[in-house]
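Last residue of the sequence shown: number 129 in the numbering used here, and the count goes up by one each step with no gaps. The C-beta atom is built at its ideal place from N, Cα and C for all residues, glycine as well. Remarks on the structure that follows.
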Amino acid sequence: MLVWKLEPALACGNVIVLKPAKQTPLTALFCASVIKEAGFPPGIANSVPVDIPVRTAHRAVFTHAGQGCFAASRVFVHSTLHDGFVSKTAELAKKRIVGDPFDSTTEQGP
């Protein structure tokens with residue numbers, strides 16, 4: 020679906036902003052990197068920062084306290100996004116509220 024919107028916009032000379040879908044964030048980021056690699060001028064294709072993939076990966080790791088058979092154990096991140104991804108991931112992990120599971124502010128029990 021991304022290409023259905025992307026191709027006509029670029030063909031007509033428009034600038035685009037890609038907002039990755041939360042279900043498939045890497046597709047939009049990959050498309051943005053391919054557009055950049057193809058030599059489009061800076062600012063023609065813009066993508067939302069790594070915040071969405073970071074939040075998605077965070078939920079995948081911490082949902083059910085990592086005790087589900089579907090919990091993420093590896094996250095593949097492009098080398099150009101690595102440092103920002105790791106720093107934002109660490110920020111989210113530090114902010115996570117661990118405590119009494121009966122407290123409504125707790126995000127994860129002990």
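Please list, in chain order, all residues of the same chain as residue i whose beta carbon is under 8 Å from its beta carbon, the five residues on each side excluded.
| i | result |
| --- | --- |
| G62 | V34 |
| T46 | L21, P39 and A40 |
Could you tell me which residues DSSP pairs with residue i in its beta bridges?
| i | result |
| --- | --- |
| V117 | Q127 |
Report, in whole angstroms, the separation of the C-beta atoms of residue i and residue j, which I expect to be a contact under 8 Å.
| i | j | result |
| --- | --- | --- |
| L111 | V69 | The pair is not a contact, with the Cβ atoms about 12 Å apart (cut-off 8 Å). |
| A64 | A51 | 5 Å |
| P44 | I71 | 5 Å |
CA-CA distance, residue i and residue j?
| i | j | result |
| --- | --- | --- |
| S106 | G128 | 24 Å |
| L100 | I116 | 26 Å |
| G32 | L48 | 20 Å |
| T124 | A109 | 20 Å |
Going by the C-beta, is residue i closer than 7 Å to any heavy atom of the ligand HEM?
| i | result |
| --- | --- |
| P44 | With respect to small molecules bound, the structure shown includes none, and the ligand HEM cannot be examined in it. |
Given residue i, which residues of its chain have a CB within under 7 Å of its CB, disregarding the five upstream and five downstream residues?
| i | result |
| --- | --- |
| V94 | A76 |
Sorted by chain position, which residues of the same chain lie with C-beta nearer than 6 Å to residue i's C-beta, five sequence neighbours on each side aside?
| i | result |
| --- | --- |
| G118 | T125 |
>> Report the start-end ranges of each beta strand (DSSP E) in the region 33-85 that is 3 residues or longer and not cut off at the edges.
In response: Contiguous beta strand (DSSP E) elements confined to the region 33-85 occur at 35-37 and 64-66, taking only those with 3 or more residues.
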